[in-house]
Structure formats: C-alpha cells, structure tokens
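Beneath this line is the structure, given in structure tokens, with notes to follow.
There are 4 protein chains.
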Amino acid sequence: MANVYTGVIGYGYWGPNIVRNFFNTPDCIVQFVADARPERLAALNKVFPSVKGVRDADDIINNKDIDAVIIATPVFSHFALAKRALLQGKHVMIEKPMTSSVAEADELINLATQKGLTLMVDHTFLYTGAVQKMKELITTEVIGTPRYFDSTRINLGLFQPDVNVLWDLAPHDISILTFLINDLPVSINATGISHTRNNIENIAYMTVNYDSDFIAHFNCSWTSPVKVRQTLIGGDKKMIVYNDLEPSEKVRVYDTGYHHHTDEDKTKIMVDYRTGDVYLPKLSSHEALSGVAKDFIQSIINKKDPVANALLGKKVVQILEASQESIKNNGREAKIK
Amino acid sequence: MANVYTGVIGYGYWGPNIVRNFFNTPDCIVQFVADARPERLAALNKVFPSVKGVRDADDIINNKDIDAVIIATPVFSHFALAKRALLQGKHVMIEKPMTSSVAEADELINLATQKGLTLMVDHTFLYTGAVQKMKELITTEVIGTPRYFDSTRINLGLFQPDVNVLWDLAPHDISILTFLINDLPVSINATGISHTRNNIENIAYMTVNYDSDFIAHFNCSWTSPVKVRQTLIGGDKKMIVYNDLEPSEKVRVYDTGYHHHTDEDKTKIMVDYRTGDVYLPKLSSHEALSGVAKDFIQSIINKKDPVANALLGKKVVQILEASQESIKNNGREAKIK
Amino acid sequence: MANVYTGVIGYGYWGPNIVRNFFNTPDCIVQFVADARPERLAALNKVFPSVKGVRDADDIINNKDIDAVIIATPVFSHFALAKRALLQGKHVMIEKPMTSSVAEADELINLATQKGLTLMVDHTFLYTGAVQKMKELITTEVIGTPRYFDSTRINLGLFQPDVNVLWDLAPHDISILTFLINDLPVSINATGISHTRNNIENIAYMTVNYDSDFIAHFNCSWTSPVKVRQTLIGGDKKMIVYNDLEPSEKVRVYDTGYHHHTDEDKTKIMVDYRTGDVYLPKLSSHEALSGVAKDFIQSIINKKDPVANALLGKKVVQILEASQESIKNNGREAKIK
Amino acid sequence: MANVYTGVIGYGYWGPNIVRNFFNTPDCIVQFVADARPERLAALNKVFPSVKGVRDADDIINNKDIDAVIIATPVFSHFALAKRALLQGKHVMIEKPMTSSVAEADELINLATQKGLTLMVDHTFLYTGAVQKMKELITTEVIGTPRYFDSTRINLGLFQPDVNVLWDLAPHDISILTFLINDLPVSINATGISHTRNNIENIAYMTVNYDSDFIAHFNCSWTSPVKVRQTLIGGDKKMIVYNDLEPSEKVRVYDTGYHHHTDEDKTKIMVDYRTGDVYLPKLSSHEALSGVAKDFIQSIINKKDPVANALLGKKVVQILEASQESIKNNGREAKIK
C-alpha cells in the first residue's frame, strides 16, 4: 500500500489538530473533511486549501478512493458513523470515548475483526512522553507492584449538554489507567451532583475496584476555580506523581515505600516506611497527536495492532458505562460486564 | 469560679501540646497528667515540673479538687473515661474523634446536659485563622450558596492499628465541613482498600450526600509520596481553595463562578462562566490549640457553649460511623442516623 | 488615510508573529516581507500566500506605495534600515532594542520629528495585560512611591553571537521599568562573565541608580537550568510580584510595607512593618503583539504618540549603552548621557 | 579531656538555640550564660535551671573552670570578647560574621594559633544536609567545573541598626560559597540603597569576581514582600538549584549543560545545549546547629580543625569588608586584600 487516503468526519474543536497532524504524517493523504457547518469548512479551506471540504459524512464513507476514516464528532454519533464506515471497508479511528455503550463497542470490534480492518480510538494521552515514560517505569518494575491510581482532573470547564463530567473528562485518565495497569477492574462506585436542571453531573467521583488489592479513584469537575491535572500512582517499590500541567517536569518518581511485616499475629501490624531521592526523568516532547496519526497509518499499512486499539477503547467504555449505573443507583457497586 | 483545676489523661504525641497550651491559659491550673507509661511521666516532669504525674486516670477523675478533665487517649477509651468523669461532675474535653459510635456520643451528651457540665471535643482546626476566615466568608455570604466541599488529606503516614484512615485523618476535615456548612448530611458513600492483612483501610474515599444540591467529598491516604492538605469550597458567587501547607497564604478566594440560565427547555443548558480577581486574606496566626484551651476554660466559667461543642463532635462521629457501614457494604449508600 | 500599506523587513524567529498580527490589524495591509533567505520566503508563502516576499529590503523601502516599514532584523542593522526608510518618508517600527547606540537613536528621532513620521519600537511587553495593570496600580498610587524594581530573567537560552545577555534579555525589563517609573536614571553599574571565547557576557548583573532613593536591578543569564521571569516592585504602600511564567496569576499585589520613624536621633531607626492581604487582579489576556500592531497603525492614522514611542526606546538604549561601558570598566559607575 | 566546660556570652534571639544544642552535645557541659539583661537571664532560668546566668561576660572569660566560650553578641563586640577569651586560654566559637574587619580576624587567628586554641565561627548552614550534599556533588565532580553561584536572600526583615543588609544576610551564602568553591575571589562590586535616614543599605547587590571564569552574585533585601532563599550553582556538567524554603526537596540537580566548540574562528561561537533528568537527592534532616556544637567540642577534644574554621570565617569577612568599600565608592571594584 503506497499511501493511505484519509477522510476526517467532524471539524470542531479538535478537528484542526487532527487534520494538521495527519497532514504531516508520512504515507497519509488527507483528502476530505466533512462538516455540516459551512463556516467550519471555510475555516478548513483557509488553512488547508488542498483538503476538500464536504457537507455530508457519507460522501467520505461511500467514496471508493478513501481507505481510512477518522470520526471526530460528538459521542452519540460515533457508533453509527463507524459502523457504516467499517461496512464500506474503511479503517476507522474514533475520537474518545469510543461509543456510548459496551454493546456498541462490541459490535464495532466484531465488525472490524470480520473484515480485517484497523479499528482504533484516539486516546491521545497514551502517546505523550509522560505516559510512555510511566509505562516504561511500570513495565521494567521500577515501581514494583502497583497499589493505587488516584486521578484528579478538575477545572472551570464547559458544561457538556449531553454527557456528564465523567464521560467528558475521565476517558483521558481511564485510558491511562487501562494502558498502565494489567489488572482487570471488576466493579465501579460512582457518586456525583448536578448543579443544572438537566441532571447531568458536573462534579463526580468514581472508585474502580479490583479483585487484587489495587484500587483506582477519579475526581472530575467542571466547577473548580483552579485547574488540576494530577495523578498519583503508588507501587510497593516507588511512587509516581504525574502533573500534566508542569511544562516539562510532568513525572516525579519518589523512592518512597512502605511494607508491612507478615507477623504471625494478624491483629498487630508493623509498617516500615522509606523515603529517598526524587527523580524527574526527561520526557520526550513530541506532539502526542502526531504519534496517534503515525500509529494509525502504520497499523493499517503493517496490519499491526495500534497502542490505542479498540479493545482498550472498549475497556474505557466499560468503566464509563458501569459508572453511569452506579451514579444512578446512589453509588451502589456496579459490576463491570 | 476563680480557677479551673484541670487534669489531662494521656500524654502521648499530642499530650505535651495540650499541657503547654492549658498551662498558659488564664484561669486554668493544670494539676495532674495521667499516663500509664513511666517514661511519659518522666518526660512530663522534665518540661513541667509543677504538674504532678500519675499512673492511673482515676486518680484524676475521682479527685475532688479537679474541675475539668481532658481526655487525650486512643479513641476506643474515650467513652468510658468521659462517662466516669462526667459522673464525677467534671467538665470534659475529649480528643477528636469524640467516640467510637453515635450511641456513645449521645450518652455522653445526655449525661453532660443532665449534670449541667461542659462537654467539648478538641477539633483544633476550627480555631485556626484559616477556618475562622472561611467561616466569616461564608457567614457574610461572600461565597454565596455553598455548592461543594472537596477535601484531600494524604501523606506517607503512620498506619493506625485500630482505626482506618478515615477515622484517623478525616475528622479534621469533617469538623471543618460541619462547622462551615449548615446543611444536614443525609447519607454517605465510602470506598477504600487495605494494603495490610488486618483489613484496616489505608486509602479511603468518602462522599457525603445532602438533600440539597450540595455535595462533599474526602480523599484520605496514609500512602501518598507527597503531603497534600487541600480543600476546595465552591459557592455560587465565589470559590475558596484552602491549602493548609502554605505557610501564610492558606486561603485563596477566587472570584469565579458559573450559573445556568433557567431556560424553558430543560434539555438545553446555557452555563455562564465568570473568572475574576483572586484575593488572599491575611489570617490570624495565633496557635489554634491556645484558642481551644481558652474556649474550654471560658465555656466552663461562663456556662456558654464552646465552638467545638459536643453536638458538632457527635455530627463528626455520625459521618464516620456511616462511612464505616458503607465501606463494609462495598460503597452502598449508608443513611446517617 | 484609508489603509496603511506596510512592509516587514526580516522574517526570522519573531517575523511570523509580526506578520500574523499586522495581517489581522484593522486599517493595515501587509504587502511585502523582505528576507534574503529563500527558505524563509518559502515559509512565508505557505502561511501568507497573499503577502509578497522579496529578497532585498530596499524593494520595500523604495516602494512608493508603502506607508510603513517594520524592521525585524538583528540590532546592528536597525539604524541603517530605519534611516533609509525615514528618508523615504516611511513610518517606522523597529524591533527592540531600537539601535546599537544612543547617537543612532537620537539621529532617528530627529529625522522622524523633522519629517513628521511615526517612529516606534516594538517593546511588546508594554502591551501585556500584566504591565498595563501594573501601570494602573502605580498611576493610581495604589503602590505609593516606588522604592525598587528587581528583575530576574534567566533561562537556558541561545547564546547570541553579537550582543551580550543584557542586550538580548534586559530590553524587555528595562522598557517595563521605563514605562512604569517616571524617575530618570542617572548611572549604571554592570558586571558579568563570558563563558565563551568571544568575550560576550552570557551572565550579567546591572544596577540602575537614581538621584532619588529608588533603585533598579537586573539579573540576566542564558545559562540557568530553570526559567525565571520575575520582577519585584516595591512601593512605600504596597509591593508587587510580577511572575510572567504564571499562566494567569502573573501579578500579585501585597499589602506589605514598612516605614521608618523620622526620629530626631539619626543613629536610631525605628522601622514599622505591615503585612496584609494579597490580591491577584484579573488581567486582560489579549495577545500583546496585536496591541503593538494596533497602536502603530492608529498612531500613524491619528498622528498620535504610541505607547512604545521612540523616546522610550532611546531611554532603553541609554541604559544598555551605559551598561556596556560599566561592564567593560569592571563595574565602575557609568553615567547616563 | 573528659568534658568541655562551656560558657555562652549573649542570650538574644539565637542564644536559646545555642544553649539547647550545646546542652545536648556529648562531652560538653554548659555552665554559664552571660547577658546584661535580667529578663534574658530569667528566660534562661525557666528553660535551663541547671545553667547559671551571669550579668558580666568577664565572669565567664575569667573563670578558671571554663574551657570554651561561645560569643553570641552583636558583631561589633565579637573581637574584643574573643580576644580576651583567647588571652585567657579559652577555646572560642564566634557567631557569624566573625568580626567587623579582616584585621581583627587576622589578630584573632594569630592569637589562637600561638596559643594552640580552637577558633571557630558559627556558620550554621555549612552543617545542613543540603550544603553537605552540595559539597559532595562538587567534590565528586558530579557538577563538573563550577561556573557561577547566584544567591537571592530576600524577605521583609528586621532592619538592623548597625550593619547593612549584606552584613546581616549575606554571611550565610558567602560561607556556603567559600565552603563549596575552592577558587579565591579577587574583587567585589557592590551597590545598594538605603531607605532610612541612617544610610545603612536595606537592599544591596554584590558581585564576587575571580581570576577564573567563575562568578558569584548576591541579592539581599530586608524589604521584599516575599521570602526567597534560593541559590543557583552552575557547573559545566550539571547545575544545582538550592531552595532553602522547600521543606525537604531543597536541592535539585539538573542534568543541564552547555559547552562551546573551540572553533578556530574566535568570532563564531557554537554553543551546544543539553537538558536531561532532574534529581532531588534525599537530604539528612538533622538540626544543623547540633552539628556545629558537636564539631566545636570534638575539634577541641581531638585538636582538629572544624569545618567552619576561623580561616573560612575570615574569608567571609574579607568579602564583606570589600563589599563595604565598593558600595561606598558607587560600585567601583574593590580588591580583596
């Protein structure tokens, strides 16, 4: 395959970044962008005069010359568009979160498998230097056995009209959790509050439970006066503080740990603490989305599995779907199906 | 009443601070300290040669000359000691949390009421300049209607052998919540994990639910590589970030807000945002515990209700007790009784 | 005057920002950009196909249709280009610093005055929300009488081959000083060190002396492991900390002060201290360079004096020139001519 | 020698810390404290009833049983007291700065040498975990050849009535410079301003020049709204940022560097940059003053040279004395004698 001819559906907030990065990706030709809004197509034309703007997504999906489709539309439309594109034999990358339900994700995965097509989700954060470094620190067992993952992603943000704050903000951190931690989550507890009359939570908290003694927690808000993007990852050897707002020193590795003596007497615990050096590894500073674009195109060409593959994308939806169930049942534990 | 003759039961980690502050409080004479450990009494004698050390708490409780007893022992012993002291007609201040159960708290409150004795809990934080300033900002409606309270109190801390991390760390922040917010909590969701074999949680998360659209959340851990003591308090007019680790700039008031249009169409939300100046009020820098001591002694003398009164102390225990129920039921909502 | 037809000379690091901002400025048409390097003109053409690239600056300077010329070349070439442009009757904006010497600045000012042309220097920082706010705080006497200005501008930066670190980094802060403080500096002390063999200082320190009891100090380095952009401005009523690296909270106003009693006995000083609230005003977040462009174009049209006028630009050069003299005389005081 | 019998002259701000630390130092008996102020002796008696307070310093100096004298009085009195004590055969530790002049320091050093007595200066910072770690990083050549030392020590501080801000604040950092860097300074440039009528500078800047391409700079102020205690130390391999206000992460080691190609053509410089990991070593957290006390006592007993020896103390005075000369000559370079 010489070049992957690509069309992008949706040219909203994130669209220009997608077009720019795929535009600069080797072996990729961005031919079309679809958006129903004329002013968005005009904006496209100003910056990328060589890319043809169309009003109807199906002009891309049904175009014989197109190999791959990128879906950058609101969540509720992901499934229908991706399904039509797969049925037309297109490779597909979907914006996060992949779909509105696990059932939809399953159907897309089955379809892509049957047809031998690449199906990927744009979990951009997996391609950042920070997450790549943390993956390395966990894979090489520098951190030891992971014990907890505690994420805070809050700011004064745009209230979404159709999805709550977990569906909006948590996919970033859930994808990082899923990427870094091999353990499988078994259930979710979620609570939250809506300060608008549409009952869509603008503040929400979520605990992810495992059969092991690992635990994950997420704190998401659109109504914080300060912006926080911080995750703590504790291992039994070392601990990480990941602050995405730091310009370069995003990852701090603490030589901090504790372990308890396996005493005969179960009622007594003796916990030893250790604190030591802190280490701030230099991180690759490439643009994450260029890594996404390259991975998608090369996965198509080389028939390999991308890092942000559909299975990972589905696992993110599993957690979100269970959080929805729990939050509507006053925080009652919701099993992950 | 000329002087309040006082005895302190328990001379552990916090004991020397208590003795020092009551020692320097007008109208108060610290006569006795009880501790079963000879080395603790030796330590007492070195710093406060004028205070008599005794081995047995009952030597204080049964002493006719003693007016007031301060109980600074582990939680499980609070109730029995306080009950005996009240029965002997002593005014009582108990270390936080007040008791191990709401039933115990109720019994002590009833006893104190019957006998006309002062019963107080050492919720020291209520006497800090920061909390006093936040109370003022809320009382004077600078903040507007409170919408959320989000507290993080994590560090690499001593694992307690008998109580979980919520009972150990959260009482500080629950007392602040209870002091600042007039709304009554109705239920609790709590989750957590134990990394020791005694099943005592060293990481725990708690949501406090209200009938209004107010929500509170607590994140507590003994196993964080970094120390965080931060609370966000959002009102519909302004928002507060309270960082207790800042040497002097602990309270930041953000002229940040949002409100949604009360549109006819419930499915559409239009939220307006506002960001403005930030203001860091100067805080009183007196030692909080000296305020505690003064309030206890003056409440006895003037027969008034202290700020950290027994009812507030009981409300803290109500939340802790419900959190215990929820955490043992996998996060299921536990009603506050 | 309908539109100001404008040419930009030099399309290096800063050139694209200049073209973009003037491009979007009302009443301004960017017609030409001159750069001797073909690859820079190719870069121009890609982004601004409507702007004509030329190799020779004189194609702009001698063009009858051009009203205004922006000179964005290395410092040593500013004078000759600006002089030719003024002689051709063009309004001129020069990148900072204005010229290599005070004599050159004087000659340009005289020429512009004779010919009634606008002559401006691109001291971009004067148009930032932060500096505008500080100007307001000083003009309205919130700060009181200014006492000191202490600036640190250090990072791991590109060593310039022709000018030392003061000429490279200090113009920003000297222009802010000159803009904010009405007092006239009388002399300079400067010291520094060169870690390269060309004797161009990569670290330098400068004190600016006044006849009053005001003092200014500058710390500049290309060889710091951390980036710092911080200025302290002390008044006798309040003090400002201006941290340009803060995303939004760049200006902090401290209600901090001190004053000494005017005691009869000169040998005794009694100094009173005051610390109070801190206040972080909301700042305008427009792009500063768009303000520069608008000011230049409107000054031409309305025959008014721009904020970053040539006299201010000359004052910056006066300080730089004197710093050069001092640094080469081992820090000896150099009078400002 | 069994025990070193010690007397402390001066029980002001720092006195209680000195007495407490020497009190707890092995092989040391604190017998006397002299202070002319009865209320200071009363304060002493309350905390250290076993130490005898006297009004007259000579009661200590002339006491046959006293082996060692610690002088913690204002600077101007150091020389006379230390001289009398040395003449009486006492070992002497003097508070920093050692003396008011180099001549005085020389006389004390000669006297101590003749009589075989230990003479030490209380440069406490040399005994901190942070400075010890930096010494190790420099000695083991982790940092490479040092290139610069840039210190800022500013806060809203007590104006001293007799010495300027350099004599008050800079001795800490000058002692660290002297301890860490083996190069000998050759001259000083200093500038400053007095905002009081006694012409004692409350803001001052100082450059220390060397024959090598090393440079040091000090920025000291009693009139800053914020407290800063930060030093940058650049080597040609790595760079250190030392922030004394950080609770534990005081030392940050940056794998940052630059070097210039030794090109034939002197006018061209090619500078290579490197940025890498950052490393925050764990620091010993013992109290520095206990290290001072132990070093003094053990130097006496073992007739060894203490870390903060008199020669280092004299070098600090040399720099201060030259700074005085420079500042009074409008910043003119002052040679170090």
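Residue numbers (our numbering), protein chains in the order written: chain U, 39 to 375; chain R, 39 to 375; chain V, 39 to 375; chain W, 39 to 375.
Ideal Cβ positions, reconstructed from N, Cα and C, are used throughout, including at glycine.
Just so you know, these numbers come straight off a predicted model, no measurement behind them.
Excluding five sequence neighbours on each side, which residues of the same chain lie with their C-beta closer than 8 Å to the C-beta of E145 of chain U?
F117 and K121
Can you tell which of V:S115, V:Y51 and V:I132 has its C-alpha closest to the C-alpha of G45 of chain V?
V:I132
Selected residue, minimal CA-CA separation from S189 of chain R, among R:S259, R:I176 and R:H129:
R:S259
Can you find the residues in the same chain that come closer than 8 Å, C-beta to C-beta, to L381 of chain R, ignoring five residues on each side of it along the sequence?
Lying outside 39 to 375, the shown extent of chain R, residue 381 of chain R is not represented and no answer is given.
Would E239 of chain R and V316 of chain V qualify as a contact pair, given that the criterion is a beta-carbon distance under 8 Å?
no
Inter-residue spacing [alpha-carbon to alpha-carbon] between L207 of chain W and R191 of chain W
7 Å
Got a sec, what are the start and stop residues for the beta strand (DSSP E) P263 of chain W sits in?
T261 to G273
Which bits of chain R does T313 of chain V rub up against, with CB to CB less than 7 Å?
K320
Nearest-angstrom Cβ-Cβ length linking I374 of chain V and V201 of chain V, presumed shorter than 8 Å:
About 19 Å separates the two Cβ atoms, so there is no contact after all.
Quick one, which residues of the stretch 259-284 of chain R are near chain U if we go by CB-CB under 7 Å, in chain order?
T261, S262, P263, V264, L270, G272, M277 and V279
Per-residue DSSP class, three states only, for P223 of chain V
strand
V354 of chain U lies in the alpha helix (DSSP H); which residues open and close that run?
A348 to K366
State buried or exposed for D105 of chain R, treating a residue as buried only when at least 16 other CB atoms are found within 10 Å of its CB.
buried
Among R:A123, R:T111, R:G272 and R:Y280, the one whose alpha carbon lies nearest that of L155 of chain R:
R:A123
Expected contact under 8 Å - CB spacing of I338 of chain V and T63 of chain V to nearest Å:
Going by Cβ atoms, the distance from I338 of chain V to T63 of chain V rounds to 11 Å, so no, they are not a contact pair.
Grab me the residues of N55 of chain U's own chain with a C-beta within less than 6 Å of its C-beta, minus the 5 sequence neighbours each way, in chain order.
L327
Once DSSP output is grouped into helix, strand and coil, what is the label at L327 of chain V?
helix
Go to P184 of chain R, then tell me how far its beta strand (DSSP E) extends in each direction, as first and last residue.
P184 to L194
Specify the secondary structure class of A89 of chain W as computed by DSSP and reduced to three states.
Looking at the sequence itself, residue 89 of chain W is Val, so the reference to Ala does not match. In the structure shown, V89 of chain W sits in coil (DSSP, three-state: anything other than H, G, I, E or B).
Leaving out five residues on either side along the sequence, give the residues of the same chain with a beta carbon under 6 Å from the beta carbon of M277 of chain V.
Y292 and T294
Taking DSSP as the reference, what is the three-state secondary structure of I374 of chain U?
coil
Report the partner residues of H255 of chain W according to the DSSP bridge assignment.
W:D188 and W:T245
Interface flag, E287 of chain R vs chain V, CB-CB below 8 Å
yes
Just to check my reading of the structure: V279 of chain V and R290 of chain V have Cβ atoms closer than 8 Å, yes? What is that Cβ distance to the nearest angstrom?
5 Å
On the DSSP bridge assignment, give the partners of V71 of chain W in chain order.
W:V46 and W:G91
Mind checking who D310 of chain R pairs with in its DSSP beta bridge?
R:H297
Taking the beta strand (DSSP E) that D160 of chain V falls in, what are its first and last residues?
L157 to D160
What span of residues does the alpha helix (DSSP H) with I176 of chain V cover, start to end?
G167 to T177
Comparing alpha-carbon positions, which option in U:Q69, U:R93 and U:V345 lies nearest Q170 of chain U?
U:V345
Tell me where the beta strand (DSSP E) around I147 of chain W begins and ends.
First-last for I147 of chain W: V140 to K153, but that is the alpha helix (DSSP H), not the beta strand (DSSP E).
Beta carbons nearer than 8 Å to chain R: which residues of the stretch 208-237 of chain U have them?
S225, N227, T229, G230, I231, S232, H233, T234, R235 and N236
Please classify G329 of chain W as buried or exposed, where buried requires at least 16 other C-beta atoms within 10 Å of its C-beta.
buried
Within 8 Å, do at least three Cβ pairs link the stretch 152-166 of chain V to the stretch 344-358 of chain V?
yes
Neighbour flag for T294 of chain U against chain R, beta carbons, 8 Å:
yes
Rounded C-beta distance between P184 of chain W and F252 of chain W? I'm assuming under 8 Å.
6 Å
Who are the Cβ neighbours of D249 of chain V in its own chain at under 7 Å, not counting the five residues just before and after it?
V224
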